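The next block holds one structure in the form of structure tokens; read it before the comments.
2 protein chains.
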Amino acid sequence: SVNKFLHDVFDTVLEDVLKKSTSAASKVIDFLPPEELSKRIDLELRDDPEPHESLLDHCKKTIQHSVKTGHPMFLNQLYQGMDPYGLAGQFVSDSLNTNLHTFEAAPVFVLMEQEVVRKVCSLIGWPAGDGLMGAGGSMLNMFGINLARHKYFPDLKKTGMHGGPRLVLLTSAESHYSMTKGAGFLGIGTDNVIKVKCDERGQMLPEELDRAIEDAKSQGSVPFCVNATSGTTVTGGYDPLGAIADVCQKHRLWLHVDAAWGGSVLTSRKHRGLMAGVERADSLLWNPHKMLSLPLQCSVFVTREQGLLKAAHASGATYLFQKDKISYDASYDVGDKSIQCGRKTDPMKFWLSWKAHGTRGFEQHVDYVFELAQYLYDKLLSRKDFKMVLPGPNCTNVCFWYIPPSLQGMPEGPEFTKKLDQVAPVIKDRMTKNGNMMVQYQPLDGVPNFFRLVLANTETTRQDLDFFVEEIERLGADL
Amino acid sequence: SVNKFLHDVFDTVLEDVLKKSTSAASKVIDFLPPEELSKRIDLELRDDPEPHESLLDHCKKTIQHSVKTGHPMFLNQLYQGMDPYGLAGQFVSDSLNTNLHTFEAAPVFVLMEQEVVRKVCSLIGWPAGDGLMGAGGSMLNMFGINLARHKYFPDLKKTGMHGGPRLVLLTSAESHYSMTKGAGFLGIGTDNVIKVKCDERGQMLPEELDRAIEDAKSQGSVPFCVNATSGTTVTGGYDPLGAIADVCQKHRLWLHVDAAWGGSVLTSRKHRGLMAGVERADSLLWNPHKMLSLPLQCSVFVTREQGLLKAAHASGATYLFQKDKISYDASYDVGDKSIQCGRKTDPMKFWLSWKAHGTRGFEQHVDYVFELAQYLYDKLLSRKDFKMVLPGPNCTNVCFWYIPPSLQGMPEGPEFTKKLDQVAPVIKDRMTKNGNMMVQYQPLDGVPNFFRLVLANTETTRQDLDFFVEEIERLGADL
Numbered sequence: 001s002v003n004k005f006l007h008d009v010f011d012t013v014l015e016d017v018l019k020k021s022t023s024a025a026s027k028v029i030d031f032l033p034p035e036e037l038s039k040r041i042d043l044e045l046r047d048d049p050e051p052h053e054s055l056l057d058h059c060k061k062t063i064q065h066s067v068k069t070g071h072p073m074f075l076n077q078l079y080q081g082m083d084p085y086g087l088a089g090q091f092v093s094d095s096l097n098t099n100l101h102t103f104e105a106a107p108v109f110v111l112m113e114q115e116v117v118r119k120v121c122s123l124i125g126w127p128a129g130d131g132l133m134g135a136g137g138s139m140l141n142m143f144g145i146n147l148a149r150h151k152y153f154p155d156l157k158k159t160g161m162h163g164g165p166r167l168v169l170l171t172s173a174e175s176h177y178s179m180t181k182g183a184g185f186l187g188i189g190t191d192n193v194i195k196v197k198c199d200e201r202g203q204m205l206p207e208e209l210d211r212a213i214e215d216a217k218s219q220g221s222v223p224f225c226v227n228a229t230s231g232t233t234v235t236g237g238y239d240p241l242g243a244i245a246d247v248c249q250k251h252r253l254w255l256h257v258d259a260a261w262g263g264s265v266l267t268s269r270k271h272r273g274l275m276a277g278v279e280r281a282d283s284l285l286w287n288p289h290k291m292l293s294l295p296l297q298c299s300v301f302v303t304r305e306q307g308l309l310k311a312a313h314a315s316g317a318t319y320l321f322q323k324d325k326i327s328y329d330a331s332y333d334v335g336d337k338s339i340q341c342g343r344k345t346d347p348m349k350f351w352l353s354w355k356a357h358g359t360r361g362f363e364q365h366v367d368y369v370f371e372l373a374q375y376l377y378d379k380l381l382s383r384k385d386f387k388m389v390l391p392g393p394n395c396t397n398v399c400f401w402y403i404p405p406s407l408q409g410m411p412e413g414p415e416f417t418k419k420l421d422q423v424a425p426v427i428k429d430r431m432t433k434n435g436n437m438m439v440q441y442q443p444l445d446g447v448p449n450f451f452r453l454v455l456a457n458t459e460t461t462r463q464d465l466d467f468f469v470e471e472i473e474r475l476g477a478d479l
Numbered sequence: 480s481v482n483k484f485l486h487d488v489f490d491t492v493l494e495d496v497l498k499k500s501t502s503a504a505s506k507v508i509d510f511l512p513p514e515e516l517s518k519r520i521d522l523e524l525r526d527d528p529e530p531h532e533s534l535l536d537h538c539k540k541t542i543q544h545s546v547k548t549g550h551p552m553f554l555n556q557l558y559q560g561m562d563p564y565g566l567a568g569q570f571v572s573d574s575l576n577t578n579l580h581t582f583e584a585a586p587v588f589v590l591m592e593q594e595v596v597r598k599v600c601s602l603i604g605w606p607a608g609d610g611l612m613g614a615g616g617s618m619l620n621m622f623g624i625n626l627a628r629h630k631y632f633p634d635l636k637k638t639g640m641h642g643g644p645r646l647v648l649l650t651s652a653e654s655h656y657s658m659t660k661g662a663g664f665l666g667i668g669t670d671n672v673i674k675v676k677c678d679e680r681g682q683m684l685p686e687e688l689d690r691a692i693e694d695a696k697s698q699g700s701v702p703f704c705v706n707a708t709s710g711t712t713v714t715g716g717y718d719p720l721g722a723i724a725d726v727c728q729k730h731r732l733w734l735h736v737d738a739a740w741g742g743s744v745l746t747s748r749k750h751r752g753l754m755a756g757v758e759r760a761d762s763l764l765w766n767p768h769k770m771l772s773l774p775l776q777c778s779v780f781v782t783r784e785q786g787l788l789k790a791a792h793a794s795g796a797t798y799l800f801q802k803d804k805i806s807y808d809a810s811y812d813v814g815d816k817s818i819q820c821g822r823k824t825d826p827m828k829f830w831l832s833w834k835a836h837g838t839r840g841f842e843q844h845v846d847y848v849f850e851l852a853q854y855l856y857d858k859l860l861s862r863k864d865f866k867m868v869l870p871g872p873n874c875t876n877v878c879f880w881y882i883p884p885s886l887q888g889m890p891e892g893p894e895f896t897k898k899l900d901q902v903a904p905v906i907k908d909r910m911t912k913n914g915n916m917m918v919q920y921q922p923l924d925g926v927p928n929f930f931r932l933v934l935a936n937t938e939t940t941r942q943d944l945d946f947f948v949e950e951i952e953r954l955g956a957d958l
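If you read the protein sequences in the order shown, they are chains A and B.
Straight run, no breaks: the first sequence in the working numbering ends on number 479.
Straight run, no breaks: the second sequence in the working numbering ends on number 958.
Below is the structure:
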């Protein structure tokens, strides 16, 4: 029966994903290149149905050849681990399968979202605010940009930008690519994103921001929004929010904070100083699906200015947002705050996880992964075959080069750089085929490919990191 | 243990959501207004953790007071029912918790998405195409608009719209509000959305479209995109795609088809004629989470023009889309086609459901709900206390007024209209408090509030609809 099939799938998930995949003894990935994977799984969609047996087999093979992002050695991306309470909350809300547009359709979830928003505002230090959850950081960063635009140029929503001024948006050179992508999508234009210089840790220089604003103005452009990043994607830099807020105040610009990655420090009394001044932001985006290991997508957008989300986004569809409802006050119909009509009911996973851990549980987790990062940084720094990219760990990002035997002692210069650039891709390829760990590499501002490892999984231990270091050395020993 | 907790939650979901909620004997909604619901569930998020017992209780109360969208009498929204295979696929992909940006992070899901896109293109009648899944119809309708903009004005992505022409977008008066919302968000401006007149069934008049384009041109505006709707939200109208494609061809405009609701007829040999000419579209959006009862969100966007999604949206982040990958061809890294960075792995739910039902299973379902709509339409038409809004059912939308005893025989006029306008909200309120069925009402173009019932759940029977009619009469007998 279908019920038995669902039970079988659930058991498979519990055993093969949630249990096995958190053990370092299993593989992070049983990798097959696209051509081979296509043959291994019978992908073709056909006219006729397939039996349960075959469907279950598809599920098992999917699990086998997928990346286990909950594995302690999955250090590749900013999303890691799997909070079981978050998963439980997600499963309840997904099986109820409704939509966060009206109280009528999602009464409990609308109230949970309110509470999540209230609590996030209070972590920031705002007495009140407005907000919502949405489909990821890139989209919600666009909400920040669009709110800024609507705040200062409310007519543009109606008239469009074609007859308006040349609006420019400022963000750091190390900020997330969604700023540029968003500017293109929103009709602002990618050329109108000004990239402000950073210090050696990837943190925006406020005096450079001030200068860039003055420059833009002197060229006839109209700055309207500054994006500051709390936890840059690559280096984990935290822009100095207080000093940036001063600049924004001076020029009367909207301050949006992209805290997608680093926002989780707000729960930690030890580390929240990294975001000192955050209460002066006008809007903020935070992805608890990153450092807090909640299921994707768990993204929260908040703004200090109440009513602006609705003003900027609403279109007031009469079929959905009836004004003559009798059972409840129509202000609980929150859908028009978003640019989505149908919106997944993400609040419960975050809400249930918060209930299960308490803010103090989140804090413990954040403090733990920060300690792990320091441990790894110190360990790599002490070894002659590793070289660090940054002076100290930023957030929980650890960026480093492995210097293979043939390059040790070689003088730095174009030849060294060229050779070093090839090391990470080769080790990454060997690591992928091995399947026992995953870590990301990348180039940055002309420096050769380096590894960026991030720590976010509560299951990752110091011993795992010791193994990681030895394994990199083993994989690169002949290079 | 956490494992036991997950099991308990799963059992609760199986019993309370998937089993009970599909029985007409249970309530669709155990409704409490916001103030009372806030008291019933302990919403507050605190510093300290709560025990499993209390968390499970939260889950049970959430289920109790949520809308059961899989219930046979939930006839309120375009999403109904719950396909168990879709849910199984969603649960596997959600527990693996990865992201559809690179092959590295989501190897199996990238291939599944390819296959889903290929199959949807083939249903449309395209030999090939490009596409992706995304966070709902509103967002993916914006993709259609943005692709049109990028096709004809590729520089605007860089320069922004402030110095460009006054672009205008044409769509029908009955089309979804995401067109207007999208135009505001994308910097085109809501004033630059031209609403084309419809016939009495809510279907766009091609000659009116042609005239509107000529008018816009004569006023110095630049039409660039036409949106046609296959299955309008309220009346279920299908715009005549062939005739609209002729107009688009004449004026060299992009044709986007919003088939969010009605696209499922593509699987039915009997009903796909409603979308005759669809193969001439440039892009199309379809939400199988609507008529096919897949879990939210299951939204597919496809375009005939390969490469344009990437050209319009890409920003080429080096930390994610490395070009020097060794293990596989970087063209499998599909993330830059989207404006999202993190993107939920939605393909598997659709893929597994398609495997389980086959295209023929989808067809049977579509044919069944169309038959139900005809049955209900005929039944209501034959009764003197109901009045139909449209000449025949459109798609599976059935729009009608209930004429209570006090209004029967009253001559139509302002007094009648005013009184009739108040009937639906009162019956809706009583229905909500009763909790045994849910159906939407709304005003339209100055006509008084009427009921819009939609059929999409394979569990809904003719007997349920008989009960529905009697219940409306019972609830309105004293009006």
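Every residue, glycine too, gets a C-beta built ideally from N, C-alpha and C.
Note that the coordinates shown come from a computational prediction; the quantities given were computed from them, not determined experimentally.
Q: From the DSSP output, in three-state form, read off B:LYS769 for me.
A: Taking the second sequence and counting its residues from 1, one reaches residue 769 of chain B at position 290. The answer is coil: DSSP assigns B:LYS769 none of H, G, I, E or B.
Q) Quick one: does A:ILE339 have its CB under 8 Å from some CB of chain B? A) As a working mapping, residue 339 of chain A is identified with position 339 in the first sequence. Answer yes: the Cβ-Cβ gap between A:ILE339 and chain B drops below 8 Å somewhere.
(Q) Less than 6 Å between C-beta atoms, sequence neighbours within five positions excluded: which residues of the same chain meet that for B:CYS677? (A) Working through the second sequence from its first residue, we reach residue 677 of chain B at position 198. SER651, ALA652, GLU653 and MET683.
Q. Which two residues bound the contiguous alpha helix (DSSP H) that contains A:MET142?
A. Here the question's residue 142 of chain A lines up with position 142 in the first sequence. Taken as a continuous stretch (DSSP letters only), the alpha helix (DSSP H) holding A:MET142 covers 137–152.
Q. Quick one: is A:PRO206 buried, meaning 16 or more other Cβ sit within 10 Å of its Cβ, or exposed?
A. On the first sequence, position 206 is the one that residue 206 of chain A refers to. The residue is buried, with at least 16 neighbouring Cβ atoms inside 10 Å.
(Q) Contact defined as beta carbons within less than 8 Å: I believe A:ALA312 pairs with A:LYS181. What is the distance between those atoms, to the nearest angstrom? (A) Stepping through the first sequence from its first residue, residue 312 of chain A is reached at position 312. Stepping through the first sequence from its first residue, residue 181 of chain A is reached at position 181. Wrong, their Cβ atoms sit about 19 Å apart, outside the cutoff.
Q) Under the rule that 16 or more other beta-carbon atoms within 10 Å means buried, what is A:PRO127, buried or exposed? A) Counting from 1 along the first sequence, the entry for residue 127 of chain A is found at position 127. By the neighbour-count rule (16 or more Cβ atoms within 10 Å), A:PRO127 is not buried but exposed.
Q. Where does A:THR417 land, buried or exposed, given buried means 16+ other C-beta within 10 angstroms?
A. The sequence position of residue 417 of chain A within the first sequence is 417, counting from 1. So A:THR417 ends up on the exposed side.
Q: In the DSSP assignment, find the unbroken alpha helix (DSSP H) run with B:THR911 in it and report its ends.
A: Counting from 1 along the second sequence, the entry for residue 911 of chain B is found at position 432. Element bounds for B:THR911: 893–913.
**Q.** Residues of its chain near B:GLN785, where Cβ-Cβ distance is below 8 Å and the 5 sequence neighbours each way are ignored
**A.** Taking the first residue of the second sequence as 1, we reach residue 785 of chain B at position 306. Here the set comprises ALA607, GLY608 and ASP609.
Q | chain B contacts made by the region 246–270 of chain A, where a contact means CB separation under 7 Å | A | none
Q: Identify the contact partners of B:GLU529 in chain A, using a Cβ-Cβ distance below 7 Å as the criterion.
A: Position 50 of the second sequence holds residue 529 of chain B. By Cβ distance, chain A contributes LYS355 and ALA356.
Q: Scan the region 163–190 of chain A for residues whose Cβ lies nearer than 8 Å to a Cβ of chain B and list them as they occur along the chain.
A: Residues of the region 163–190 of chain A with a C-beta atom less than 8 Å from some C-beta of chain B are GLY163, GLY164, PRO165, ARG166, LEU167, HIS176, TYR177, SER178, THR180, LYS181, GLY182, ALA183, GLY184, PHE185, LEU186, GLY187, ILE188, GLY189 and THR190, listed in chain order.
Q: Run down chain A in chain order and give the residues with a C-beta less than 7 Å from the C-beta of B:MET591.
A: Translated into positions along the second sequence, residue 591 of chain B becomes position 112. Correct list: LEU43.
(Q) Just to confirm, is the Cβ distance from B:VAL757 to B:HIS750 under 8 Å? (A) Start at 1 with the first residue of the second sequence, and residue 757 of chain B comes out as number 278. Start at 1 with the first residue of the second sequence, and residue 750 of chain B comes out as number 271. Against a cut-off of 8 Å, the Cβ pair of B:HIS750 and B:VAL757 comes out as no contact.
(Q) Closest to A:VAL9 by C-alpha separation, out of B:GLY549, B:PHE632, B:HIS550 and B:ASP573, would be which residue? (A) Counted from its first residue, the first sequence places residue 9 of chain A at position 9. The shortest Cα separation from A:VAL9 among B:GLY549, B:PHE632, B:HIS550 and B:ASP573 belongs to B:ASP573.
Q | Beta-bridge pairing of A:ASN401 - partner residues as DSSP gives them | A | As a working mapping, residue 401 of chain A is identified with position 401 in the first sequence. Reading off the sequence, residue 401 of chain A comes out as Trp, not Asn. According to DSSP, which records beta bridges pairwise, A:TRP401 is partnered with A:LYS387.
Q: Spell out whether any CB of chain A is found under 8 Å from the CB atom of B:TYR717.
A: As a first step, residue 717 of chain B is located in the second sequence; it is residue number 238 there, counting from the start. No, B:TYR717 does not count as interfacial toward chain A.
Q: Could you work out which residues of chain A lie near B:PRO883, taking near to mean beta carbons separated by less than 8 Å?
A: Residue mapping note: residue 883 of chain B aligns to position 404 of the second sequence, counting from 1. Here the premise fails: no neighbours, minimum Cβ distance about 16 Å.
Q | Partner residues on chain A for B:MET916, Cβ-Cβ distance less than 8 Å | A | Stepping through the second sequence from its first residue, residue 916 of chain B is reached at position 437. Those do not exist, as B:MET916 stays about 13 Å from chain A at its closest Cβ, beyond 8 Å.
Q.
Can you confirm whether B:ALA503, when its beta carbon is compared against all beta carbons of chain A, has any partner nearer than 8 Å?
A. On the second sequence, position 24 is the one that residue 503 of chain B refers to. Not closer than 8 Å to any Cβ of chain A, the Cβ of B:ALA503 fails to qualify, so no.
Q. Roughly how far, in whole angstroms, is the beta-carbon of A:THR235 from the beta-carbon of B:GLN921, given that I think they are within contact range, below 8 Å?
A. For the purposes of this step, residue 235 of chain A is taken as the residue at position 235 of the first sequence. For the purposes of this step, residue 921 of chain B is taken as the residue at position 442 of the second sequence. Not really, about 51 Å apart at Cβ, beyond 8 Å.
Q: Answer with yes or no whether the minimum CB distance from B:ASN876 to chain A is below 8 Å.
A: Taking the second sequence and counting its residues from 1, one reaches residue 876 of chain B at position 397. Judged by the 8 Å Cβ criterion, B:ASN876 is not in contact with chain A.
Q: Below 8 Å between beta carbons is the criterion; list the residues of the region 31–42 of chain A that meet it against any residue of chain B, in chain order.
A: PHE31, LEU32, PRO33, PRO34, LEU37, SER38 and ILE41
Q) Where A:VAL117 and A:GLY409 are concerned, what is the direct C-alpha to C-alpha distance, given to the nearest angstrom? A) For this step, residue 117 of chain A is matched to residue 117 along the first sequence. For this step, residue 409 of chain A is matched to residue 409 along the first sequence. Approximately 54 Å, taken between the alpha carbons.
Q: Assign A:SER406 to one of two classes, buried (16 or more other C-beta atoms within 10 Å of its C-beta) or exposed (fewer than that).
A: Your numbering for residue 406 of chain A matches position 406 in the first sequence. Under this definition A:SER406 is an exposed residue.
Q: Could you list the residues in the region 311–327 of chain A with a C-beta less than 9 Å from some C-beta on chain B, going in chain order?
A: ALA312, HIS313, ALA314, SER315, GLY316, ALA317, THR318, TYR319, LEU320, GLN322, ASP324, LYS325, ILE326 and SER327
(Q) What would DSSP say about B:LYS674, mapped onto helix, strand or coil? (A) Numbered from 1 along the second sequence, position 195 holds the residue referred to as residue 674 of chain B. Of the three classes helix, strand and coil, the one that applies to B:LYS674 here is strand, per DSSP.
Q | Best match in A:LEU253, A:TYR177, A:ALA106 and A:PHE153 for proximity to A:ASN141 [C-alpha to C-alpha] | A | Position 141 of the first sequence, counted from the start, is the residue given in the question as residue 141 of chain A. For the residues A:LEU253, A:TYR177, A:ALA106 and A:PHE153, the minimum Cα distance to A:ASN141 belongs to A:TYR177.
Q. How about A:HIS256 and A:SER293: do their beta carbons lie closer than 8 Å?
A. Position 256 of the first sequence holds residue 256 of chain A. Position 293 of the first sequence holds residue 293 of chain A. For A:HIS256 and A:SER293, no; Cβs fall outside 8 Å.
Q: Kindly list, in the order they appear in chain A, the residues whose Cβ is closer than 9 Å to that of B:MET867.
A: Stepping through the second sequence from its first residue, residue 867 of chain B is reached at position 388. None at all; the shortest Cβ gap to chain A is about 18 Å.
Q: At 8 Å on the CB atoms, spell out the chain B contacts of A:GLY361, in chain order.
A: Looking up residue 361 of chain A in the first sequence gives position 361. Those are PRO528, listed as they occur along chain B.
Q) Do A:ILE550 and A:HIS52 have their CB atoms nearer than 8 Å? A) A question about residue 550 of chain A goes unanswered here, because the residues of chain A that appear run from 1 up to 479.
**Q.** Backbone CA spacing between B:MET917 and A:VAL469 [nearest angstrom]
**A.** Your numbering for residue 917 of chain B matches position 438 in the second sequence. Your numbering for residue 469 of chain A matches position 469 in the first sequence. Distance between the alpha carbons of B:MET917 and A:VAL469 is about 59 Å.
Q: Determine, using beta carbons only, whether A:LEU55 and B:ALA585 come nearer to each other than 8 Å.
A: Within the first sequence, the letter at position 55 stands for residue 55 of chain A. Within the second sequence, the letter at position 106 stands for residue 585 of chain B. Contact flag unset, no.
Q: Examine chain A for any beta-carbon lying closer than 8 Å to the beta-carbon of B:ILE542, and answer yes or no.
A: By one-based count along the second sequence, residue 542 of chain B stands at place 63. Closer than 8 Å: yes.
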